[in-house]
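Trainee: Sending over a structure as structure tokens; questions will come in a sec.
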Amino acid sequence: MAAVAACFTLLAPAAQAAEPVLKVAYAGSMGALMDKALGPAIQQQAHVQYQGQGAGAYGLARLLAAKQISADVFVSITPGPMQVLQKAGLVDVAVPVASTQMVIAYSPQSRYAKDFEAAAAGRMPWYEVLQKPGVKFGRTDPKTDPQGRNIVFAMLLAQTYYKQPGLAKAILGPVVNPAQIFAEPSLLSRLESGQIDASSGYLSAVISHKLPYIRLPNEINLSDPNLAATWYDKAHFGITQPDGKTETLSTQPLVFYAAVLKNAPNPKAGEAFIKLMRSPQGQAMFKRYGYSEPKGGDLR
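With this note's numbering, the residue at position 289 of the sequence shown is 346, and numbering never jumps.
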């Protein structure tokens with residue numbers, strides 16, 4: 058937790074230190090978009106000093122709720138982390154700003170790169186490649202990060218969709234598997250460097266990192282809210298939280314929500330940042346970095 062609390066990215070020269078600070082805590086997969094596009098844009102428009110903090114959205118939400126860290130704006134993937142702050146009385150309404158879908162990203166440096174390419178082209182089942190001996194698969198912690206939960210859901214849905222009993226366990230091992238779990242901001246960087254062969258990923262983040270990937274059917278990728286009641290909701294799994302309690306988890310749509318916190322040090326700048334994200338300029342940035350348009354209504 059201390060490491061998370063210390064990972065703010067500063068995008069301002071020392072000469073601008075006197076400008077008011079805008080702190081944005083965001084789902085770690087959004088790093089490229091936030092620090093290379095939206096952050097610089099809000100600095101120029103609102104004359105603020107942008108500070109971004111990216112990490113697992115549940116972990117960030119819990120730190121914010123416990124007031125161990127502070128932020129003006131929180132941007133979450135899926136409703137769950139935002140609901141943590143709503144229950145803590147720090148957020149009333151969160152607005153959708155973008156959406157995405159689950160994919161399997163792979164490293165061009167992997168010795169199985171040709172097999173992954175074949176799977177991406179539909180010539181080989183992707184789940185067979187992931188089960189080849191020696192394939193190193195990466196994902197994030199389902200205790201702290203929605204993506205870590207979503208890849209488990211995707212694999213559970215895949216074993217039903219492809220009629221492959223036990224597929225999720227064959228690929229992932231136990232739900233919390235230390236051999237596969239990495240911090241979200243570093244996951245795709247490890248893939249880029251060839252430390253792992255493949256990983257879970259949001260299409261938005263994978264495109265932002267310019268990595269090759271395998272698309273998954275809508276019945277698996279959690280992108281279609283219309284499939285929630287009839288298909289996605291069939292996937293459930295339990296996880297033991299740090300307090301020792303077991304929680305049964307269910308799927309949530311892959312929508313990004315943003316809100317200004319009630320205890321924001323700079324709420325005016327926070328509102329300006331959300332306005333930027335929802336503007337045509339901001340939505341063009343989202344699209345350029347591989348995100349899809351917002352889906353659904355406000356989260357109350």
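Quick reminder that beta carbons are idealized off the backbone N, C-alpha and C, glycines included. Model, not experiment: these values are computed from the prediction.
(1) Quick one: is Ala-236 buried, meaning 16 or more other Cβ sit within 10 Å of its Cβ, or exposed?
(2) Could you give the first and the last residue of the continuous alpha helix (DSSP H) run that contains Pro-97?
(3) Helix, strand or coil for Lys-226? Go by DSSP, reduced to three states.
(4) For Glu-304, name the three-state secondary structure that DSSP assigns.
(5) Would the segment 304 to 316 and the segment 150 to 158 be scored as touching if the rule is three or more Cβ pairs under 8 Å?
(6) Return the CA-CA distance between Leu-213 and Lys-267, expressed in angstroms with no decimal places.
(7) Touch check for the segment 245 to 255 and the segment 165 to 174: three-plus C-beta pairs under 8 Å?
(8) Hey, quick one: how far does the alpha helix (DSSP H) through Ser-246 stretch, first residue to last?
(9) In angstroms with no decimal places, state the Cα-to-Cα distance between Lys-302 and Gly-109.
(10) Would you report the Cα separation of Leu-95 and Gly-116, rounded to the nearest angstrom?
(11) Taking Lys-80 as part of the beta strand (DSSP E), name the residues at either end of that continuous run.
(12) Enumerate in chain order the residues of its own chain whose CB-to-CB distance from Arg-357 is below 6 Å, with the five nearest sequence positions on each side excluded.
Mentor: Reading off the structure:
(1) Sequence index remark: in the sequence shown, residue 236 carries index 179 (1-based). Answer is exposed; the Cβ neighbour count stays below 16.
(2) Counting from one through the sequence shown, the residue named residue 97 turns up at place 40. Element bounds for Pro-97: 96 to 103.
(3) As a first step, residue 226 must be located in the sequence shown, where it is residue number 169. DSSP places Lys-226 in helix when its eight states are reduced to three.
(4) Walking along the sequence shown from the start, residue 304 turns up at place 247. Three-state result, Glu-304: strand.
(5) yes
(6) As a first step, residue 213 is located in the sequence shown; it is residue number 156 there, counting from the start. As a first step, residue 267 is located in the sequence shown; it is residue number 210 there, counting from the start. Cα-Cα distance, rounded: 27 Å.
(7) yes
(8) For the purposes of this step, residue 246 is taken as the residue at position 189 of the sequence shown. Residues 241 to 250.
(9) Position 245 of the sequence shown holds residue 302. Position 52 of the sequence shown holds residue 109. Cα to Cα, the separation comes out at about 32 Å.
(10) In the sequence shown, residue 95 corresponds to position 38, counting from 1. In the sequence shown, residue 116 corresponds to position 59, counting from 1. Approximately 22 Å, taken between the alpha carbons.
(11) As a position in the sequence shown, residue 80 is number 23, starting the count at 1. Counting along the chain, the beta strand (DSSP E) containing Lys-80 begins and ends at 78 to 84.
(12) Working through the sequence shown from its first residue, we reach residue 357 at position 300. Val-150.
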